[in-house]
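Student:
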Amino acid sequence: MKQKILFTIGITLILCSYRLANATTYNVTNVAGLSNACSSAVSGDIINIGAGTYALPSNLSLNSGVSLIGAGRDNTLLTCASTAFNINNKSNINIRDMAFQGSGTSTHNFFRFTSCSYINIYNFRISNMGAGMLFYTCNNINIHDFIATNASSCTQAVFEFLETTSNCNVYNGNATNDNTYKGKFVGAGPDQSKTQVPLGHCQERKLLT
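Here the numbering used here is used: the first residue of the sequence shown is 1243, the next is one more, and so on.
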């Protein structure tokens, strides 16, 4: 019995090592290349987005285990007039080092995650949105080191954690909002307080100033 278990563990480690050794890095410099990479990349793969501005179509997605990396939040800008990424039932996704820009308060949720887990988004800018990012029935979300400008309006928040979403950390961020609405804080509701929605055990650390 012990030999069977050790054999199974050995095979699993070999397969994991093979996958890591054969991971693909996509270096993209245009929208078509980015769209194709988002469709093709699988767990362990990396999508590097070069410096520049990318006007995205709506409803792109990412597979589990993929890293989406820009050339810096002052160098790589992704724009979209609606939800750019609609990601369902995925896990272990890393997104960093880029900026996201909508077309005004009618643009809601540059990213929309549903039933996802272990999502890390950091070192980014987000601006000109009616609402920034939405997480619905997700868990283990980390968002940090960001600057949000005009990324919320009315009863929408920069980051919305809805339904049974839990174990969320938002920290080391700054949000400013020039319109007449609230919207600096995590959550939803007229005062953007985290108590306005059932956030489970989501928490705010060093929250937006």
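Just so you know, even glycine gets a beta-carbon here, dropped at the ideal spot from N, CA and C.
1. Please state whether DSSP places Ser1277 in a helix, a strand or coil.
2. Over what stretch of residues does the beta strand (DSSP E) that includes Asp1387 continue unbroken?
3. Would you mind working out which of Ser1303, Leu1310 and Ile1329 sits nearest Tyr1268, comparing C-alpha positions?
4. Given that a residue counts as buried once 16 or more other Cβ atoms are within 10 Å of its Cβ, and exposed if not, what is Asn1330?
5. Within 7 Å of any Cβ in chain B, is that where the Cβ of Gly1312 sits?
6. Could you check whether Asn1392 and Ser1369 sit closer than 7 Å to each other, using their CB atoms as the reference points?
7. Identify the continuous beta strand (DSSP E) that holds Cys1410 and give its terminal residues.
8. Between the segment 1340-1349 and the segment 1309-1329, can you find at least three pairs of beta-carbon atoms closer than 8 Å?
9. Applying the criterion that 16 or more other CB atoms from any shown protein chain within 10 Å of the CB defines a buried residue, is Val1284 buried or exposed?
10. So the beta strand (DSSP E) Asp1316 belongs to, where does it begin and stop?
Tutor: Based on what the coordinates show:
1. helix
2. Asn1381 to Thr1391
3. Leu1310
4. exposed
5. Structure shown: chain B not included; a single protein chain is present.
6. yes
7. Ser1408 to Thr1418
8. yes
9. exposed
10. Looking at the DSSP string, Asp1316 is not in any beta strand (DSSP E), and its letter there is neither H nor E.
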